[in-house]
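Using the numbering used here, the first residue of the sequence shown is number 18, and each one after it goes up by one.
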Amino acid sequence: MSEEKKIDRRKYIKYVGAGAAVAAAAAIGYGISELTRPPPPTPTTVVTTVPTVRTETLPGTTIVRTEERTVVQTVTPTPTTRKLVVWWTVEYSPVEKATLLELVRKFEKETGISIEWTGYSSTDISRKLTAGIEAGVVPDITEVLSHEMCHLAYRGLLEDVSDIMDEIKGDLLPAALESVYLYNSKTGKRSYYAIPLNFYATYIHYWKDLLKKAGYDEPPTDWNGFWESFKKAQDASGIPAIGWTLSDRAEFDTAWPWEVLMLAYDVRLLTSDGKLNITEENRKRIIDALEWLSNLYFSGYMPSGVIEWGDPDNNKAFQGKSVIMTMNGTLSIPRWLYENARDAYYNLTATCPWPNGPTGKETPTSYTVYPVIIPKGAKNVEEAKEFLKFLCKPENYLLYTKSMLGRFHPMYKSAMEDPYFNDPKDPHITAATKYFKRSMVPVNWQMHPAYAKFVIEHKWHRMIGRVVVEKWTAEKAVDEALNDLKKTFEEFA
């Protein structure tokens, strides 16, 4: 790309800033749908003259009299505009919201299709979709979380979007294709039931100035050396080393790091086609991983409160510099720093890969897809597909993905190579890009609805709590969890 076409982050924000007022309106109570909804049809008054024929018969004569009367009718024309109902997650920055609105208006202008666009938090959108499916009232398009996508496809509740995927898959990373090629129990086959929009992984963030107190410019890449560097930083600074969420109160902030830890210990609980793979070797490795994690907690290198943390608490702890490092799904922590503490973003913090596992092997990136779906029962399937094709055009997709300021990463090869995601001066976005150039493994709950159910029911959370709270042995806690996992898969057999 030529220099004049490059858009750095500051210029990018200025570029889309014109839409910020609309996003602000959304934040104070106006949904995007209210701002983009076209005006109602204007009533038209029609005046017509209607002839009336009246016949009178008199003795010996027939007289035909014609009278005229004026009829005034008010006619409201039937709207001919095609309309889409779209639900989206808009719980983040004004820049992202403004960009979405810009793309909506562009699509409406190009196609004549009106969009009723409503924004929700990811939690609310899940609840509303569940209720809508039960009631038979669903949107034409909605974003969902990956475990929900897996469940809905399994139940046959999603439209097949293979025709869209055929058009765009040449530019998609292989992991993106794999993530939405889902099993449908109604057809007994796999197909494409979602459009992959973005990736995210479980990233590690650390305070460089605090690690420096232990004599490290960056953490070592070997397993023991990596964790020892942060322990030494705690000893030197007095600040707890590791903000690792171990609580049943959190949702995926407990499950995400645990999934990566199992990969580091070379555990593969699912085969490539999603079948359960509980072997004695995997069992022993899970026990080793849980013993390592609990020992890290009991040795005092985590804040004592991690066993009670909710999802936001590791973010707050890191942003407040009350832990030296933490791990988090998405780049929401660095983005907060970029918007609120620019010096800390560029000069005091960094994102780094997970270290090689205890056996010396590279720890694969455990990735999660953020997809968009067309639910079964949608009233405007063809129009929905038209919008998704529009959104996936390279220029539109890149504009939208950049507006997230790194929260999510692109799944398209051309977008991934854009200078924005490879700026050597950026200590977070560029580091995250490298996550997706390593060996990649889809997170397990994306692979099979039974595993998703197991995680949603907090069975891994409970296993960890059995040890760090209830003082069970790791072996006993792991055996309970694996037994539950087997039973859950049997429900889907």
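All C-beta atoms in this analysis are idealised placements derived from N, C-alpha and C, irrespective of residue type, glycine included.
Beta-carbon proximity list for residue 185, same chain, < 7 Å, skipping 5 on both sides
For residue 185, same chain residues with a beta-carbon under 7 Å away, outside a window of 5 residues either side, are 409 in chain order.
Relative to the C-alpha of residue 316, which candidate in 252, 387, 116, 281 has its C-alpha closest?
Considering only alpha carbons, the answer is 252.
Roughly how many angstroms lie between the CA atoms of residue 9 and residue 422, to the nearest whole one?
Residue 9 lies beyond the range of the chain shown here (18 to 510); nothing can be said about it.
Between the stretch 210-221 and the stretch 476-486, do three or more beta carbon pairs fall short of 8 Å?
In short, these stretches do not touch, since the Cβ pair count stays below three.
Between the C-alpha atoms of residue 454 and residue 435, what's the straight-line distance to the nearest angstrom?
For residue 454 and residue 435, the distance between alpha carbons rounds to 14 Å.
Comparing C-alpha positions only, which one of 330, 177, 401, 257 sits nearest to residue 512?
Since the first residue shown for the chain is 18 and the last is 510, residue 512 is missing from the structure and cannot be characterised.
Identify which residue in 235, 370, 148 has its Cα closest to the Cα of residue 450.
With distances taken between Cα atoms, residue 450 lies closest to 370.
My assumption, with CB atoms under 8 Å, is that residue 311 sits in contact with residue 485. Please give the rounded CB distance.
About 5 Å separates the beta carbon of residue 311 from that of residue 485, a gap short enough to meet the 8 Å contact definition.
Boundaries (first-last residue) of the alpha helix (DSSP H) holding residue 193
Going by DSSP, residue 193 is part of the alpha helix (DSSP H) stretching over 191-196.
Inter-stretch contact at 8 Å, needing at least 3 Cβ pairs: the stretch 283-302 / the stretch 331-348:
Short answer: they don't touch.
Using only alpha-carbon positions, find the residue among 150, 382, 492, 136 that is nearest to residue 461.
Selected option, being the one with the closest Cα: 382.
Among residues of its own chain, excluding the 5 on either side of residue 202, which ones have a beta-carbon nearer than 6 Å to its beta-carbon?
If we look at residue 202 and ignore the five residues flanking it on each side, its Cβ neighbours are 171.
Could you give the first and the last residue of the continuous beta strand (DSSP E) run that contains residue 208?
Residue 208: member of the beta strand (DSSP E) spanning 206-209, first to last residue.
Are there three or more Cβ pairs, one per stretch, closer than 8 Å when the stretch 216-236 is compared with the stretch 390-397?
No: the two stretches stay apart, fewer than three of their Cβ pairs being nearer than 8 Å.
Taking 8 Å as the threshold, find out whether the stretch 254-274 comes into contact with the stretch 313-332 through three or more Cβ pairs.
With the cut-off at 8 Å, the stretch 254-274 and the stretch 313-332 touch.
Note down, in chain order, each residue of its chain lying with its Cβ closer than 8 Å to the Cβ of residue 204, except the 5 sequence neighbours on either side.
Contacts found: 173.
The alpha helix (DSSP H) enclosing residue 130, as first and last residue numbers:
DSSP places residue 130 in no alpha helix (DSSP H); its state is neither H nor E.
Curious, which full-length alpha helix (DSSP H) runs of at least 4 residues does the stretch 348-415 contain?
Runs of the alpha helix (DSSP H) inside the stretch 348-415: 349-357, 398-408.
Decide if the stretch 485-494 is in contact with the stretch 299-309; the criterion is three or more beta carbon pairs, one per stretch, under 8 Å apart.
These segments touch.
N- and C-terminal bounds of the alpha helix (DSSP H) containing residue 151:
139-152 is the extent of the alpha helix (DSSP H) around residue 151.
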